[in-house]
Each structure stands twice: as structure tokens, then as C-alpha cells.
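Novice: Numbering (the UniProt record's numbering), first residue to last: 1 to 414. I have a structure I would like to understand better, so I am pasting it below and will then ask my questions one at a time.
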Amino acid sequence: MIFIGDSGKNPVLYIQPDWHSALSLDDGRAWISCKYKDEPGIYGMIERERNEDDGVSSLKISDDFIIEQSGGSFICIKHKNSSLTTYFLKPTKCWSNLHEKSVGSLSVTPSGLAVSTSLDDSLILWNADQSIVKLRLTGHVGEVNRCRFFPSGQVVLTAGSDVRLKIWCAKTGQCPVTLVGHTRPVTDVAFVDRGKNILSCGRDGVLKLWNCGDASCIYNIIKLPSAINACKLAPASSKLNLGEPKHKISDKEVNTENKIVLLGCEDGTVHCVALKSHKKLFTINVNSAVNCLCFINNEYFIFGCQDGTIFLYSIFGPSKEIYSWKQSNSTVLSLLDYKNIGFFASRADGTVEFCFTPGNSLVKISLTGSDCDPVYDLATDGEDIYTCCRDSKIRRYRVKELIKDLSKLHLFSG
Numbered sequence: 001m002i003f004i005g006d007s008g009k010n011p012v013l014y015i016q017p018d019w020h021s022a023l024s025l026d027d028g029r030a031w032i033s034c035k036y037k038d039e040p041g042i043y044g045m046i047e048r049e050r051n052e053d054d055g056v057s058s059l060k061i062s063d064d065f066i067i068e069q070s071g072g073s074f075i076c077i078k079h080k081n082s083s084l085t086t087y088f089l090k091p092t093k094c095w096s097n098l099h100e101k102s103v104g105s106l107s108v109t110p111s112g113l114a115v116s117t118s119l120d121d122s123l124i125l126w127n128a129d130q131s132i133v134k135l136r137l138t139g140h141v142g143e144v145n146r147c148r149f150f151p152s153g154q155v156v157l158t159a160g161s162d163v164r165l166k167i168w169c170a171k172t173g174q175c176p177v178t179l180v181g182h183t184r185p186v187t188d189v190a191f192v193d194r195g196k197n198i199l200s201c202g203r204d205g206v207l208k209l210w211n212c213g214d215a216s217c218i219y220n221i222i223k224l225p226s227a228i229n230a231c232k233l234a235p236a237s238s239k240l241n242l243g244e245p246k247h248k249i250s251d252k253e254v255n256t257e258n259k260i261v262l263l264g265c266e267d268g269t270v271h272c273v274a275l276k277s278h279k280k281l282f283t284i285n286v287n288s289a290v291n292c293l294c295f296i297n298n299e300y301f302i303f304g305c306q307d308g309t310i311f312l313y314s315i316f317g318p319s320k321e322i323y324s325w326k327q328s329n330s331t332v333l334s335l336l337d338y339k340n341i342g343f344f345a346s347r348a349d350g351t352v353e354f355c356f357t358p359g360n361s362l363v364k365i366s367l368t369g370s371d372c373d374p375v376y377d378l379a380t381d382g383e384d385i386y387t388c389c390r391d392s393k394i395r396r397y398r399v400k401e402l403i404k405d406l407s408k409l410h411l412f413s414g
């Protein structure tokens, strides 16, 4: 896997969150900055100026930067000294009236049905196309840490600080199943194929396999000494030795063979476990809490840490990182793979960036809108990207065409 540019030495470009509306005005201005890790920022200004002769307006920028391109929904800016180029993309839609407080988790189906949860104690089902709240789901006590649609898009799974998981009908809002067994808050979930079996992990350090039909815990697959912050399930490569089960196989297990689970932990470790055999395949230690992780494909995976670093590893060579993104100290809160060509990462400082894997680390896409408020979760309906933020807003971005156009530039090969 080939990368162009040393990410550890690259800066990050930031722009005024409402740049698109500010620069649409006559004499409009918006700030731009370039920040190397642990160094003072380099600041500049973008200004709209009108030519007195023909009345046509244009954008001007400070000497440290170049405006490479400007469109209706984005502006592309290059920092001269580092050659870092960032496409800043504005949201196509912003929902500000769904929740009153910080939005912590979000999931969206291809049909536009969405579920989100907030610190205002609301857990709602809503229609992204019509911006209508369809149902309010009540039953958890305290904060809901994760909400996800089953693969069918007709059922919702939630995980709460009340140590419970709940399964909801997306048509009626009823909760026919509650899963009880964790002893500390449940932090993440994953679906085994269509979801007859599901996985959950929690701050009790336990990864559980559940049977949804009778609400029973089939196994505690692994018990770790640290809280588990995130889990991801994926098909295993045929090259991996997954081991053989040493326990009695339950007839409640459905399609658990040839799958692996990644676990990101508070103590800075990442563990890979074979789902069928419960064999631990490897452990990685990076000395910073691992908040999120995702697979790029069945060979490569990434994970994001409390200290701001994102690591890329291979399933076949977990003893050494392939690449790492170290340009920011801001905590990584969420990762979302995109069509096997890259990933989105959201951070505590409100930035959401897209990176190609493999690719040119000097070219990025930044989803703008948050004014330094943490972006806690990312979701996709298969085309657009959705973000949820501490400012109580949910934003949607149309990224498909821009990513497609950048891919055609042959900047990304490996």
C-alpha cells in the first residue's frame, strides 16, 4: 500500500465554519489557517472583492495560501509551503431542531430513515428526506451510547449506559427484546450477517455474542482487563489461521464461521479475535486509548486514538504499523470506511476529514460546519455522509462526485 507524503510532518488546514455563507456576501471575509502539530498556527484571510470596472467579484487569499478551485459547494485551498491541499465541503443539509443537546450516535438507511440519540434523553426515528420525526423510542435509563439499524433497515439496536441493549421495531417503535448481561455501560455493537446473532462490548471488558430470538447470551467470547470502547466485525481472509473451537458449539450460533472481530480498548490495546473459535489472533499496544476502528478491506484496518493518532495496520503483519496520521493532537472520536478507497475521521475539535487509502496524504477533503464542537459519530446512507455533533446539529454532505473526481486525477494508486 503506497502513500505519498509524510503524514507526521504534514499540517492541517482549517477554515471558518460558515465560510460558504460569509464568502457569498459582497466584501465577505473568512479566515483560513494552517497548523503544524505542536506549533503556532499560520493564519490568513479569504476576501471577496468586486472589480470596479466590470462589477465582477472574485476571491482573494493571503500570500501563504492559494485558491486552487472554487465551486458551489466547496472551496479548494493549498498551503504553499507544505503543498497540502484541502477541499472544504459545506453541508447540503443541516438539522438543528431534532435534538436540544449534544447528539452522540447516528445511523441512516439507504431509504433515508434515520435514528439518533442525544444527551437531552431523546432517542428518535426520523425521515432524512422529509425532516420529520416519526417515532420517539423510550425505555433506556440514562445515556444511549450507540444506535444502529439492523441490515434490514427495519429494526434498530441500541446500547446504553444502563448496561442494557434494546431491539426496536422501526415501524411501531415498540421494544420486544431487551438484552441483559453486561455489568457496566455498553459501548458498541456489531451484526453477524443479517443479525440473528449480534455482538456487544462494554466497559466491563466483555465481548458478548447474543441470540436475538430468545434474548440470550450465547457466549462471553473474551474478557479483557480493560474497558472495550469499540468493536468491528469482518469476514476473515482465507490466509488466516482462525483455530478450532475448544468449547461446545451452541445451536444458537448463526454464520459465525470465517469472521474476525477487532476490539479497541481504553488501555491502548487492539485485539483481534476469531469469532467461531474465540481464539485471540494478535494484540497491538499503542499506549493511547483506542476510541474507534474500522476495516478498509479484509486485509487492512485502521484505528483512532485519544492522542489524535490514526494507525493503519495489516491483518497479516500486526507487529508493525504500515502508516500513521499524526498531524493532530485532537482526539479521534469516529471512523467510517468509504467504498474501500478511504475513510472519514471525526475529532474532538470538530474536524471531519476524508483520507484516501492508499493515496496522497497531501490531498484531503474536510467536511465543515462544526465550530470547534466535537463530532461524535459518522454515518452513511450508501451515498451521502452524515455527522452528529455536540452543537445538537446533524449535517449531511454530498461527497460522491468530489471523491470520484479526485480519484480520476490518478493521485491515488497503490
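The beta carbon of each residue, even a glycine, is placed where N, CA and C say it ideally should be.
1. At which residue ranges does the segment 22–86 contain complete beta strand (DSSP E) runs of 3 or more residues, listed in the order of the chain?
2. For K404, which residues in the same chain have their Cβ closer than 8 Å to its Cβ, ignoring the five residues on either side in sequence?
3. DSSP beta-bridge partners for N97?
4. Flag this pair as touching only if the segment 170–187 and the segment 222–236 have three or more C-beta atom pairs under 8 Å; answer yes or no.
5. Can you tell me the Cβ-Cβ gap for W126 and L157, rounded? I've got them flagged as a contact below 8 Å.
6. Is the number of C-beta pairs between the segment 6–26 and the segment 296–307 that are closer than 8 Å three or more?
7. Rounding to the nearest angstrom, what Cα-Cα distance links G268 and N291 in this structure?
8. Which of the three DSSP states is assigned to H271 in this structure?
9. What's the C-alpha gap between R396 and E244?
10. Quick check: the Cα distance between L23 and R48, rounded to an integer number of angstroms?
11. Count the C-beta pairs between the segment 31–44 and the segment 89–106 that are closer than 8 Å, then say yes if the count reaches three, no if not.
12. Kindly indicate which residue of L179, H79, K239, A236 has the alpha-carbon position closest to the one of S216.
13. What residue range does the beta strand (DSSP E) around D337 cover?
14. For R146, which residues in the same chain have their Cβ closer than 6 Å to its Cβ, ignoring the five residues on either side in sequence?
15. S107: buried (16+ other C-beta within 10 angstroms of its C-beta) or exposed?
16. Assuming T256 and N197 form a contact by the criterion Cβ under 8 Å, report the distance between their Cβ atoms to the nearest whole angstrom.
17. How close, in whole Å, do the beta carbons of L123 and L137 come, if the pair is a contact with beta carbons under 8 Å?
18. Taking DSSP as the reference, what is the three-state secondary structure of D188?
19. For I132, does the count of other Cβ atoms within 10 angstroms reach 16, so buried, or fall short, so exposed?
20. Looking only at its own chain, which residues have a Cβ that is under 8 Å from the Cβ of S70, when we skip the five neighbours before and after it?
21. For S413, does the three-state DSSP call read helix, strand or coil?
22. Tell me which residues share the same chain as K223 and place their Cβ nearer than 7 Å to its Cβ, disregarding the 5 neighbours each side in the sequence.
23. Taking Cβ to Cβ, would you say S226 is nearer than 7 Å to E266?
24. Do you know offhand how far V399's Cα is from E383's?
25. Please report the distance separating the alpha-carbon of residue 415 from that of F282.
26. Identify the continuous beta strand (DSSP E) that holds L137 and give its terminal residues.
27. Please report the straight-line C-alpha distance between T309 and T331, rounded to a whole angstrom.
28. Within 6 Å: the Cβ of V180 and any heavy atom of the ligand PLP?
29. Give, in chain order, every unbroken run of the alpha helix (DSSP H) that is at least 4 residues long and sits entirely within the segment 263–331.
30. What is the DSSP secondary structure of D204, reduced to helix, strand or coil?
31. Please report the straight-line C-alpha distance between G414 and L262, rounded to a whole angstrom.
32. Taking C389 as the reference, give the member of Y376, D349, T380 with the closest Cα.
33. Does the beta-carbon distance from D64 to G41 come in below 7 Å?
34. Cutting at 6 Å between CB atoms, please list the residues of its own chain near E401, excluding the five before and the five after it.
35. How about K259 and A236: do their beta carbons lie closer than 7 Å?
36. So, for L333: in the same chain, excluding its five sequence neighbours on each side, which residues have a beta-carbon less than 7 Å away from its beta-carbon?
Specialist: Reading from the atomic positions:
1. Here the runs fully enclosed are 29–35, 42–50, 57–61, 65–70, 74–79.
2. The count along the sequence shown starts at 1 and reaches residue 404 at position 404. Answer for K404: no residue qualifies.
3. Here residue 97 refers to the residue found at position 97 of the sequence shown. Beta-bridge annotation (DSSP): N97 is not paired with any residue.
4. Look at the beta carbons and you see the segment 170–187 touching the segment 222–236: at least three pairs across the two are nearer than 8 Å.
5. By 1-based counting over the sequence shown, the position of residue 126 is 126. By 1-based counting over the sequence shown, the position of residue 157 is 157. Not a contact, Cβ separation roughly 17 Å.
6. Contact fails: fewer than three Cβ-Cβ distances are below 8 Å.
7. For this step, residue 268 is matched to residue 268 along the sequence shown. For this step, residue 291 is matched to residue 291 along the sequence shown. So the alpha carbons of these two residues sit roughly 9 Å apart.
8. By 1-based counting over the sequence shown, the position of residue 271 is 271. Three-state DSSP puts H271 in a strand.
9. To locate residue 396, count along the sequence shown from 1; it is residue 396. To locate residue 244, count along the sequence shown from 1; it is residue 244. Cα-Cα distance, rounded: 44 Å.
10. Taking the sequence shown and counting its residues from 1, one reaches residue 23 at position 23. Taking the sequence shown and counting its residues from 1, one reaches residue 48 at position 48. Each residue's Cα considered, the two are about 6 Å apart.
11. With a cut-off of 8 Å, the segment 89–106 and the segment 31–44 do not count as touching, because too few Cβ pairs lie within range.
12. Looking up residue 216 in the sequence shown gives position 216. Nearest C-alpha to S216 among L179, H79, K239, A236: L179.
13. Numbered from 1 along the sequence shown, position 337 holds the residue referred to as residue 337. Segment 332–338, the beta strand (DSSP E) holding D337.
14. By 1-based counting over the sequence shown, the position of residue 146 is 146. Cβ neighbours of R146 beyond the five flanking positions: S105, A159, D188, V189.
15. To locate residue 107, count along the sequence shown from 1; it is residue 107. Taking all protein chains shown into account, S107 has 16 or more neighbouring C-beta atoms within 10 Å of its C-beta and is therefore buried.
16. Walking along the sequence shown from the start, residue 256 turns up at place 256. Walking along the sequence shown from the start, residue 197 turns up at place 197. So it is a contact: roughly 7 Å between Cβ atoms.
17. Within the sequence shown, numbered from 1, the residue matching residue 123 stands at position 123. Within the sequence shown, numbered from 1, the residue matching residue 137 stands at position 137. Going by Cβ atoms, the distance from L123 to L137 rounds to 4 Å, so yes, they are a contact pair.
18. Indexing the sequence shown from 1 puts residue 188 at position 188. In the three-state reduction of the DSSP assignment, D188 falls in the strand class.
19. One-based indexing of the sequence shown puts residue 132 at position 132. That one is exposed.
20. The sequence position of residue 70 within the sequence shown is 70, counting from 1. Correct list, in chain order: L59, C76.
21. Position 413 of the sequence shown, counted from the first residue, corresponds to residue 413. Per-residue confidence for S413 stands at a pLDDT of 43, beneath the threshold of 50, marking its modelled position as unreliable; no derived number is given.
22. Start at 1 with the first residue of the sequence shown, and residue 223 comes out as number 223. Excluding positions up to five away in sequence, the list reads G205, V206.
23. The sequence position of residue 226 within the sequence shown is 226, counting from 1. The sequence position of residue 266 within the sequence shown is 266, counting from 1. Taking 7 Å as the Cβ cut-off, S226 and E266 qualify as a contacting pair.
24. As a first step, residue 399 is located in the sequence shown; it is residue number 399 there, counting from the start. As a first step, residue 383 is located in the sequence shown; it is residue number 383 there, counting from the start. Distance between the alpha carbons of V399 and E383: 8 Å.
25. Here the chain covers residues 1 to 414 and nothing more, so residue 415 does not appear.
26. Within the sequence shown, the letter at position 137 stands for residue 137. Looking at the DSSP string, L137 is not in any beta strand (DSSP E), and its letter there is neither H nor E.
27. Within the sequence shown, residue 309 is the residue found at index 309, counting from 1. Within the sequence shown, residue 331 is the residue found at index 331, counting from 1. Approximately 8 Å, taken between the alpha carbons.
28. Looking at this structure, you won't find the ligand PLP or any other ligand, since it has none at all.
29. Complete alpha helix (DSSP H) runs here, min 4: none at all.
30. By one-based count along the sequence shown, residue 204 stands at place 204. Residue state, collapsed to three classes: coil.
31. The residue you call residue 414 lines up with position 414 of the sequence shown. The residue you call residue 262 lines up with position 262 of the sequence shown. Note that G414 scores a pLDDT of 41, beneath 50, so its modelled location is shaky; the value from the coordinates is reported in the next line. Their backbone Cα atoms lie some 25 Å apart in a straight line.
32. Counting from one through the sequence shown, the residue named residue 389 turns up at place 389. Comparing alpha carbon positions, the residue from Y376, D349, T380 closest to C389 is Y376.
33. For the purposes of this step, residue 64 is identified with residue 64 of the sequence shown, where counting begins at 1. For the purposes of this step, residue 41 is identified with residue 41 of the sequence shown, where counting begins at 1. It is not a contact, given that the beta carbons lie outside the stated cut-off.
34. Indexing the sequence shown from 1 puts residue 401 at position 401. For E401, where only same-chain residues beyond five positions count, there are no Cβ hits under 6 Å.
35. Translated into the one-based positions of the sequence shown, residue 259 becomes position 259. Translated into the one-based positions of the sequence shown, residue 236 becomes position 236. Between K259 and A236, the gap from beta carbon to beta carbon is short of 7 Å.
36. Locating residue 333 in the sequence shown gives position 333, where the first residue counts as 1. N291, C292, S346, R347, A348, P374, V375, Y376, listed in sequence order.
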